[in-house]
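Let me begin by presenting the structure, written as structure tokens, before commenting on it.
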Amino acid sequence: MHLQVEFSRSGSSPGGALHYNKEKVDRDEAKILYWQQMLEPFDKHGRMDVDACMESFRPYLEANRRTTNTVFHVSLNPSPEDKLTDEQLREIANEYNMQKMGYGNQPYIVFKHKDISREHLRMNTTVPCPYCGN
């Protein structure tokens, strides 16, 4: 299996990335694949709830008030030849990207995108918080 990892630029709030992914989910070009240490990311109608996601990130954002770029985005791009199940993709996202890069002990959400010729993952979290045990 070959994986390409792309780090996106950080921002000051996860709201922009969450809204971007919500648009993709609403157009059926993506889905929420996995989340950890977050409130349920769906509203009562089963739609993605950006406010609930933001609420999950809020303690980390407040603890990182002095940090300018508090958001971390990464894209994981398996080879198009690799036909991976959603469960395999969840495992890769959790172990390879989040745990090994030090983001595993905080809230994060993983989206599976199918808006281009190959499926890929987009992961959103905050930068590690030195006061939060990360």
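Here the numbering used here = 1-based position in the sequence shown + 185.
Using N, Cα and C, we set each Cβ at its ideal position, and we do this for glycine too.
Distance between Tyr245 and His305, taken at the CA atoms: about 26 Å. Counting along the chain, the unbroken beta strand (DSSP E) around Asn262 starts and ends at Val256 to Pro263.
Exposure of Lys299 is indicated by the presence of fewer than 16 other C-beta atoms within 10 angstroms of its C-beta.
Secondary structure of Lys229 (DSSP, three-state): coil. Per the coordinates, the alpha-carbon of Leu203 lies some 21 Å from the alpha-carbon of Gly287.
Cβ atoms of Ile217 and Met233 come within 8 Å of each other, at about 6 Å. Apart from the 5 residues on each side of it in sequence, Leu224 sits with its Cβ closer than 7 Å to the Cβ of Ala237, Glu240 and Ser241 in its chain, given in chain order.
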